[in-house]
Each structure stands twice: as C-alpha cells, then as structure tokens.
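For the sequence shown, the positions run 8 to 315 when the numbering used here is used. Don't be surprised by glycine CBs; every beta carbon is placed ideally from N, CA and C. Before any comments, here is the structure.
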Amino acid sequence: MPTTLTQAGTAFSFSAEQQQQLYLIIKHHVGILPSSDVAALCKQYDQPVDAILRACLPIAAQFAVAPISQFFVGAIVCGLDSQGELHFYFGANVEFSQQALSLVVHAEQSAINNAWLNGAKKIVKIAISDAPCGYCRQFMNELADAQSFDILLPKQQFKLAELLPCAFGPNDLGNVYSLFNPAPQQHQFVTRAELDAKLLDCALSAYVPYSENYSAVKISTFNNGDFYGCYAENAAYSPSLSPLQSAISQLHLAGLLMNKEVVQGIELLQTQGKENQLSVSQAVLASYPELPVLQSISLALCIKPTVV
Ligand code: THU
Ligand code: ZN
C-alpha cells in the first residue's frame, strides 16, 4: 500500500542559501552529490537520508531546461556504486524549443541516465518532485531493480508495481536482461585509431536489446571537457532515451547550456547496419541552429577475441 507521510509539522527543507551552496557542489560533480556529502548533511541536520533526499528535489529542479512549459521537474536516484557507497544522482527535464514535444527528456530519465553513466550498480530509491507520468513509469520498469526500489514523492512513497499494475516489460519481448543488468558484451568495434576510446566504450555499454544499435554521443565543449551519452532502449520503444538526449542531459547537469559559446562539436557513433539515431539526433539539434553540424560515424562490430 502507498505510504503517506502523516507526521505532524512541515517536512525538512533547505533555506534558499543552503540550496544555492548545494547546487554549486552538485554542479561541480556534474549532477552528483557524493556519499560523503550525503552523510555529512544527514549528520549536520540530524535528518534521515529520505528527508535529505526530498529536501534536495528543489535543487534538482534548478537543473531543468524547460523553455516550452516553464515546468521544472527534479528527480534524484539514490543509488549504490560498486563499493556499496550511496550517492545521489540528480536529473531534470530537458525540452527542445520548436521541436516535437515527444523529444523531451523527463527528469526521471535524466536522473536514471546520470546514475547509469556514472557506474551506479543498484537503485535503492528514486525521489521525484511531481508524480511520475505513465511514460516514466514505463521507463523505470526497464530497470533491474524495478521490483525493489522505493519511489518517493514529496509526501508519499510507492513501489513501482503500485503505480504500474499489470505492467508490460522486457520479459514480454523475451528479453531476460534489463537496464543496469545488460547482456555481457561479446563484441568490439572494428575501430579506427583516431576515434575517442571513451566514445567507443560508451557505445559498447549502450543498452540496446531491441535494435542492437550500440551507439553513443560525445559533446565536446570549448572549456568544460566532454560529455558522453549512451543509448538506453525500452521494451515499449517510445520511452527509449537516445544517446544525444543522454549527452545533453549530462551537459545540463554541469550547469551548461547548448549554445555556440559552450559547444565545440557533436559526434554520433552507431553500429554499422543497425543505425537508427541520425534523424532523431538531427531533429533534436534543429532546436539549436547555431551549433556545429553533427559528425556521424558508423562502425562495424566483430566478436571480441577471448582472452586465454
Ligand atoms: N515531466 C517530467 O520531467 N516528468 C514527468 O514524469 C512528468 C512531466 C516534464 C516533461 C515536460 O518537460 C514537462 O514536465 C511538462 O510535461
Ligand atoms: Zn515522465
């Protein structure tokens, strides 16, 4: 049954000044509040993790770029890394002016993408500033921990099965894998030396059980490093997150914007013979006519030699 917070009094919140300080820390870590900071906040304010998590939601929403709706959604994945350390992975919605509304990145997707790209191994909780839409419930149903994690709203708590009864998911398509528990990678790219090794790695770690288009995007900036995005598919297809959307979401979590002062170049790497991202990437990029043109590369895959 859903749990509604019933205790008397108002929920714990950060002052505007505290929010601004935390915003700068999270921006510095490109959308992450590391475990040491989470522990320090719990201690400093004598609050449980859930209260700190909920109090961080208005900060998550500050990363939103919503020129169409002006509706700023924040989401935070509370997840464990490979060492068992608990970090907060932030996310916020991203809208694309003058493009189809369906291209939008939802805050929940942004936070899950952030956790995934940054090596989170287990999702324990997902906090969201507003009720998750049907599309996000479906996106969350692709996760390895879909049965176990808690969904925290400002005043309620749910399991995904309560929000998405009679669900359609990977198993319905015969896919035994899931996002955060992918099939072991048996392939490598037939590569060219000049290509960025991180872009190749990112593409090989894409979750693409339905199209097999291992693909990734790199956004290079003039002064702020490179941002990578990875393709994450969904059994219901529509909620899939394209590698370009994934990379743009990461760039915004560094507090940057997609403009010509920031972005130096954009590269899309796809799997030869399985390409499906060029048109959608061009549609997203049409929202930023001043940016350099997309560089598109296709590479063939071959079976990885077994190490003996
Ligand atoms: N939005 C989310 O980010 N998550 C949801 O589950 C509900 C909707 C965003 C999408 C769009 O940018 C704005 O809120 C209005 O729908
Ligand atoms: Zn949604």
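According to the neighbour-count rule (16 or more other Cβ atoms, all chains shown, within 10 Å of its Cβ), is residue i buried or exposed?
i       : result
Gly-280 : exposed
Cys-173 : exposed
Tyr-63  : Position check: residue 63 holds Cys in this sequence, whereas Tyr was assumed. It counts as buried.
Asp-53  : exposed
Leu-180 : exposed
Leu-306 : buried
Lys-34  : buried
Tyr-244 : exposed
Thr-278 : buried
Gly-236 : buried
Asn-120 : buried
Gly-16  : exposed
Roughly how many angstroms lie between the CA atoms of residue i and residue j, to the nearest whole one?
i       : j       : result
Ile-310 : Asn-231 : 35 Å
Ser-212 : Lys-128 : 14 Å
Glu-149 : Pro-177 : 7 Å
Met-147 : Asp-157 : 11 Å
Glu-240 : Ala-82  : 20 Å
Thr-13  : Leu-160 : Residue confidence for Thr-13 is low, a pLDDT of 48 falling below 50, so the modelled location carries little weight and cannot support an answer.
Ala-68  : Pro-312 : 45 Å
Val-183 : Thr-198 : 29 Å
Ile-59  : His-259 : 23 Å
Cys-209 : Ser-227 : 15 Å
Phe-187 : Ala-151 : 6 Å
Asp-203 : Gln-164 : 42 Å
Asp-57  : Ser-20  : 12 Å
Phe-175 : Gln-145 : 8 Å
Ala-114 : Phe-97  : 9 Å
Leu-308 : Asn-220 : 10 Å
Gly-86  : Ser-109 : 28 Å
Ser-247 : Val-72  : 20 Å
Identify, in the order they occur along the chain, each residue of the same chain with its Cβ nearer than 6 Å to the Cβ of residue i, setting aside the five sequence neighbours on each side.
i       : result
Tyr-238 : Ala-213, Val-215, Ser-222 and Pro-250
Glu-274 : Lys-225 and Gln-302
Taking 7 Å as the limit between beta carbons, can you name the residues of its chain near residue i, skipping five residues before and five after?
i       : result
Met-8   : The pLDDT assigned to Met-8 is 47, lower than 50, so where the model puts this residue is not dependable, and the model offers no usable value.
Ser-294 : Phe-103, Ser-104, Gln-105 and Gln-106
Asn-88  : First, the residue type needs correcting, since residue 88 is Asp and not Asn in the sequence shown. Within the same chain, Asp-88 has close Cβ partners His-94, Gly-126, Ala-127 and Lys-128.
Excluding the 5 residues preceding and the 5 following residue i in the sequence, name in chain order all residues of the same chain whose CB lies nearer than 8 Å to its CB.
i      : result
Pro-55 : Cys-49
>> Suppose only complete runs of 4+ residues qualify. What are the alpha helix (DSSP H) ranges in the region 41-86, listed by chain order?
In response: 42-52, 56-62 and 64-68
> Where are the alpha helix (DSSP H) runs, 4 residues long or more, that stay fully inside the region 93-166, in chain order?
Replying inline: 114-124 and 141-147
> Which runs of the alpha helix (DSSP H) fall wholly inside the region 223-299 and span at least 4 residues, in chain order?
Replying inline: 250-260 and 285-292
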